[in-house]
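Numbering (the numbering used here), first residue to last: 275 to 455.
For every residue, glycine included, the Cβ atom is placed at its ideal position computed from N, Cα and C.
One structure is given below, encoded as structure tokens.
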């Protein structure tokens with residue numbers, strides 16, 4: 275989630291909370307919980323399987339790139355070894371071959387990186403929906419009016435402090451595992 279979307283989400287939650295406080299819920303306690311979505315993903319069985327799948331996919335892509343990289347290095351070594359022996363025309367042909375191979379390698383690198391990013395995004399989207407469903411079930415059952423993601427080092431942290439008693443992460447992990455065996 276980007277910074278703008280996170281701020282919008284936080285603002286929306288605060289507006290909803292303020293609105294509910296004015297509509298009669300003020301007499302009741304409005305409970306707000308927190309979860310760590312990253313921890314839910316890492317600690318659920320399905321999340322662990324998906325992370326392993328992503329790790330294997332990435333490793334496979336890196337093996338492909340390593341083979342291409344070795345081909346590039348071999349071609350470069352051949353060019354340097356034969357450079358003094360080659361005619362100008364042969365040297366230009368080898369350099370052109372190397373340049374074409376380098377361009378192909380760079381395109382392939384970009385494509386593989388894009389494939390990895392798409393795979394990560396698909397996985398994140400799929401799991402965020404499931405995490406939302408499990409979180410909603412836990413929150414409704416426990417009477418929470420709102421649940422916020424505490425964020426992490428790589429995302430915007432909306433929640434700067436929370437008491438451990440309002441951390442629903444463990445309960446969401448259990449609910450997620452129950453729903454997604």
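Item	Value
I'd like to check one pair, residue 450 with residue 408: are the Cβ atoms closer than 8 Å?	yes
How far does the alpha helix (DSSP H) with residue 408 in it extend, from its first residue to its last?	362-416
How should residue 417 be labelled, buried or exposed, when 16 other C-beta atoms within 10 angstroms of its C-beta is the threshold for buried?	exposed
Taking 8 Å as the cut-off, decide whether the C-beta atoms of residue 394 and residue 325 are in contact.	no
In whole angstroms, give me the CA-to-CA distance for residue 432 and residue 309.	12 Å
What residue from 368, 386, 319 has the CA that sits closest to residue 340's CA?	386
Looking at C-beta atoms only, is the number of pairs between the segment 358-365 and the segment 434-443 that lie closer than 8 Å three or more?	no
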